[in-house]
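Okay, structure first, notes after.
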Amino acid sequence: NDLGALSQVLDKFPNLYLDISARDYEIGRQPRAAGAFLEKYRGRVLFGTDMGREQSMYEGWWRLLETSDEYIPGRIWWPYYGLALNAPTLRSLYRETALKVLNFR
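Oh and the sequence shown: position 10 is 27 in our numbering, straight run, nothing missing.
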């Protein structure tokens with residue numbers, strides 16, 4: 018929830034990487050701040066999950082990260098809002114950062 022504190026940690030530890038896959042509700046409640054955070058730390062944040070192939074979960078993530086929807090009903094908890102991230106940030110979240118972390122380049 019505290020993106021300012023998390024920014025301080027990322028700034029202090031340049032080899033630290035984050036996975037957002039369990040934080041959809043937290044980042045979706047603060048779309049402007051979360052969008053700016055994810056763009057600022059592009060290359061340090063990734064999306065990876067072990068939740069299987071449940072289509073509704075991925076649809077929820079798509080709406081959160083790729084749209085500017087004003088009200089996304091929560092699957093479990095409260096509603097949240099779309100971040101409408103730019104294409105470079107999305108590529109980094111979905112693929113490029115994972116390749117870097119796993120040393121697949």
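Beta carbons: idealized from backbone N, C-alpha and C, even for Gly.
In this text, all values refer to a predicted model and were calculated from it rather than measured experimentally.
I'd like to know whether the C-beta atoms of residue i and residue j end up nearer to each other than 8 Å.
i      : j     : result
Leu20  : Gly52 : no
Thr114 : Tyr34 : yes
Ser109 : Gly99 : no
Phe64  : Ile44 : no
Phe54  : Ser24 : yes
Out of curiosity, what's the CA-to-CA distance linking residue i and residue j?
i     : j      : result
Trp79 : Lys57  : 20 Å
Gly69 : Asp28  : 33 Å
Ala39 : Thr66  : 8 Å
Val26 : Tyr42  : 21 Å
Leu81 : Tyr111 : 13 Å
Once the 5 residues before and after residue i are set aside, which same chain residues still bring their CB inside 6 Å of it?
i     : result
Tyr88 : Pro96
Under three-state DSSP, which class holds residue i?
i     : result
Leu33 : coil
Arg46 : coil
Phe54 : helix
Asp41 : helix
Asp19 : coil
Once the 5 residues before and after residue i are set aside, which same chain residues still bring their CB inside 7 Å of it?
i     : result
Pro48 : Tyr98, Gly99, Leu100
Looking only at its own chain, which residues have a Cβ that is under 8 Å from the Cβ of residue i, when we skip the five neighbours before and after it?
i     : result
Arg61 : Leu27, Leu33, Tyr34, Leu35, Thr114
**Report entry** Contained alpha helix (DSSP H) runs [length at least 4] in the stretch 59-118, N- to C-terminal order
**Finding:** The stretch 59-118 contains, as complete alpha helix (DSSP H) runs of 4+ residues, the segments 72-83, 104-108, 114-118 (chain order).
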